[in-house]
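>
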Amino acid sequence: MLSCGACRSEPACGWCDDGAGGGRGLCLPGGARRPHAPRVCAQHSEPACGWCDDGAGGGRGLCLPGGARRPHAPRVCAQHSEPACGWCDDGAGGGRGLCLPGGARRPHAPRVCAQHSEPACGWCDDGAGGGRGLCLPGGARRPHAPRVCAQHSEPACGWCDDGAGGGRGLCLPGGARRPHAPRVCAQHRWHFTACPLCQCNGHSVCDSEARCMQPCAARTVGDHCDVCAPGHWGNPLNGGQCQPCECNAQAVACAPDSGRCYCSTKGLAGDRCDKCDNTNHYHADIYNKGACYYDLAVDYQFTFNLSKKEDRHLSAINFRNAPVKPDVDADFSITCSAHARMNLTVRTRSDPAERMLFSDVNCTSFRFKFPKSEHAFGVEDNVTLTTFFVYVYDFRPPLWIQISFSQYPKLNLQQFFITFSSCFLLLLLVAAALWKIKQKYDMYRRRQRLFVEMEQMASRPFSQVCVELERGGAGSGVPAPVALEPCRGGRAAVLSLLVRLPTGGTGRAPPLGGLAVASALVTLGHHAPHPPANTKRPRHH
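Under numbering that gives the first Met the number 0, the residues of the sequence shown are numbered 0 to 540, in order.
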C-alpha cells in the first residue's frame, strides 16, 4: 500500500513503519497487536512466503508472500507483472516504490477525496479543515462502521471519540496504542479495548459520575439518550436525529425505524393515516374531512372484534347509518365488552352541520329509539334525509363492540284484530262455498248412479201376463206363479205371485184394482223334510 491511511482501510492488515521517522513503511497482514509475519527468518514456516533480508547485514528482514524467484510485491517496477496491480513511485527519484492493487489511472485506495470513485465507499474527513481524511466502505448516509462504541466488535478496529464529551465518535481500524491513521484520530481520543465512560450519543453531557444529564436534547429520551421521544422516529445513536411523526393528528406514535404511523382510529390507512380502508368498507365523509366511517346497514347487528395484534394502538372507531324507512321508528343499540365512551350526532339534509344528541356516554350497554315524528327518515333524489354518526373512543384493546340500527314496524292491536277477523270470515266463506260445491257434486253422483241402475233394470228381459179375475169368487187350489226368476246355480229362485188385497168388508176394491205382486225366495228341487220338533227318536239298546 502507498500510505498508512490506505492500508488501514483493509480490515485484516496493519501498517509497519520503517522507523526512519518519515512515515514510510509497509502494509502487512496482522492483528491489533502484531503482524502475522514472523520477526526473524527462523520463525518463518509459511509455505507460500519467503524471507526478504533488509541488506544491512544484521539479519533483519521481513517475511513476505512470494514464490521461489521473487516476492509477490516486487521491490522494483521492472519486476511488476501483476495484471491487477500498478507501480507507485515514492517520488525520491531513486526508482523505489511499491506495487499496489489498482487500475490504469489510480490505486484502489485514493489519497484524496477527489480520487475516490468506489461506488460502495465514501470519504471520511478528519475534521481539521485541510481536506484530509480516509476512504471508507459505507452507504449514502453513514459508513458501515457501527454507530456506537458498544456495537463495535471488529478485532482490528477501535473507537475514536470526537472529544465533545457526549459519546459520539467513529469506529476506525487500529491497534491497542493508536489508530492506523493518527492524523484522523488523535491518540488521546482513541479507545481500543474499552468504550468512553460517557455514552450520551451526542445529545447530552455527563456529570461527574458519567451519567447523562437529563433531559436529553434533540427529542431523545433514555438513560443514554438512545431512544426517540414519544411521537418521534429515527435513529438517535451517535448523533442521529429524531423526527416528529407526521400522522395528520390521527396517531400518537409511529414506527421508530420507518416513521409509519400507528393510526389510533379504526379504518384509517396509509403511512400518514391519510386514507380510508375502503377494502374493509370504511369510507370518508364529504363534510368531515379526515374521518373514516363504517356504514351500518339497517336491521343488521354488527360485531367488531378489536383483539388482534395490529389493533393494540387503536382507541377510537366511527360508525354511520341512514334510516331508509320513512314511516318506521329507528331503534339504536350498542354494547361494549370493556370501558369505552360514545358520542352520537345527527345530520339532516337541510343542515350539513352535525348536531350533538348524546355526549360522553358509557357504551357498555346503551339503547335509544328515534321516533319518526321527530326525524325525517328516508331518501329523496338519492340523498338521505337523516344520517346518524356514532363515535366510540377512549377504549383500550382487546374488546368487542356490538352495534345495530333497526326499523321494525310497531304492532297495532286494532289493525291486527281487524285483519285477523277479516281473514277468519274469508276462510268461513271459502269453507261454506266448498261445502255447497261438495253437496252439488254428491247429488250429481247419486243421480248418475240412479240413472245407471234404471238403465240396467230397463235392459232386463220382461213379458206380459194376463190374469182373469172372477167377481165374488174365491180362489181354490194352489195359486200359480206369474214369474219365476232363477238364481245363479239353479237351486233357488225368486217366485212372484198375484195377491188380492183385502177389502175390509166394504165391498170395494182398494186402489189399483186391489192386486199386488208378492215375491219370495224359494228353493228348487226336492229336499228331505225336517222332522217335527216333538218327535221322539227310538232308543237302541
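Cβ coordinates follow ideal geometry from the N, Cα and C atoms, glycine included.
How is the alpha helix (DSSP H) around residue 450 delimited, first residue to last?
Element bounds for residue 450: 412 to 457.
> Would you call residue 341 buried or exposed, if buried means 16 or more other Cβ atoms sit within 10 Å of its Cβ?
Buried is the call here.
> Got a sec? Which residues, its chain only, sit under 7 Å from residue 351 by beta carbon, not counting five neighbours each side?
Within the same chain, residue 351 has close Cβ partners 286.
> Going by beta-carbon coordinates alone, are residue 400 and residue 365 separated by less than 8 Å?
Not in contact: residue 400 and residue 365 (Cβ atoms no closer than 8 Å).
> Could you tell me the distance, in whole angstroms, from the CA atom of residue 515 to the CA atom of residue 495?
The straight-line gap from Cα to Cα measures roughly 10 Å.
> Is residue 169 helix, strand or coil when you go by DSSP?
Reduced to three states, the DSSP call for residue 169 is strand.
> Under the three-state reduction of DSSP, which class applies to residue 294: helix, strand or coil?
Strand at residue 294.
> Using beta-carbon positions only, say whether residue 388 and residue 319 come within less than 8 Å of one another.
Yes. Within cutoff.
> What's the C-alpha gap between residue 14 and residue 164?
In a straight line, the C-alpha of residue 14 is about 30 Å away from that of residue 164.
> Looking only at its own chain, which residues have a Cβ that is under 7 Å from the Cβ of residue 127, when we skip the five neighbours before and after it?
Low confidence applies to residue 127: its pLDDT is 48, below 50, so where it sits in the model is not reliable enough to give any reading.
> Could you say if the region 279 to 295 and the region 224 to 243 meet the contact criterion of at least three C-beta pairs nearer than 8 Å?
Contact fails: fewer than three Cβ-Cβ distances are below 8 Å.
> Please report the Cβ distance between residue 523 and residue 492, rounded to the nearest whole angstrom; I am assuming they are in contact, meaning their Cβ atoms lie under 8 Å.
At roughly 6 Å, the Cβ-Cβ gap stays under 8 Å, so residue 523 and residue 492 are in contact.
> For the candidate residues 314, 178, 260, whose alpha-carbon lies nearest to that of residue 6?
Measuring from the Cα of residue 6, the nearest candidate turns out to be 178.
> So what does residue 251 bridge to, in DSSP terms?
According to DSSP, residue 251 bridges with nothing at all.
> Going along the chain, which residues of its own chain have a beta-carbon closer than 7 Å to the beta-carbon of residue 519, five neighbours each way excluded?
Excluding positions up to five away in sequence, the list reads 494.
> Specify the secondary structure class of residue 403 as computed by DSSP and reduced to three states.
DSSP places residue 403 in strand when its eight states are reduced to three.
> Is it right to say residue 381 is buried, meaning 16 or more other beta carbons lie within 10 angstroms of its own, or is it exposed?
That one is exposed.
> What does the Cβ neighbour count give for residue 144, buried or exposed, with the cut at 16 atoms within 10 Å?
Confidence is the limiting factor: at residue 144 the pLDDT is only 47, short of 50, which leaves the residue's position unreliable, though a coordinate-based value still follows. That one is buried.
> Straight-line CA distance for residue 466 to residue 434?
Computed Cα separation, rounded: 53 Å.
> Opposite residue 320 in the DSSP bridges: which residues?
Per DSSP, 387.
> Using a Cβ-Cβ cut-off of 6 Å (strictly less than) and excluding sequence neighbours within five positions of residue 444, which residues of its own chain qualify?
Around residue 444: no qualifying Cβ.
> Would you report the Cα separation of residue 277 and residue 205, rounded to the nearest angstrom?
Taking the straight line from one Cα to the other gives about 51 Å.
> By Cβ distance, which residues of its chain are closer than 6 Å to residue 304, with the 5 residues on each side in sequence left out?
Cβ neighbours of residue 304 beyond the five flanking positions: 399.
> So, is residue 3 buried or exposed, given that buried needs 16 or more other C-beta atoms within 10 angstroms?
When all chains shown are included, residue 3 counts as buried.
> Mind reading off the beta-carbon distance from residue 464 to residue 451? Whole number of angstroms is fine, and I expect it under 8 Å.
Actually they do not touch by this definition, with Cβ atoms about 28 Å apart.
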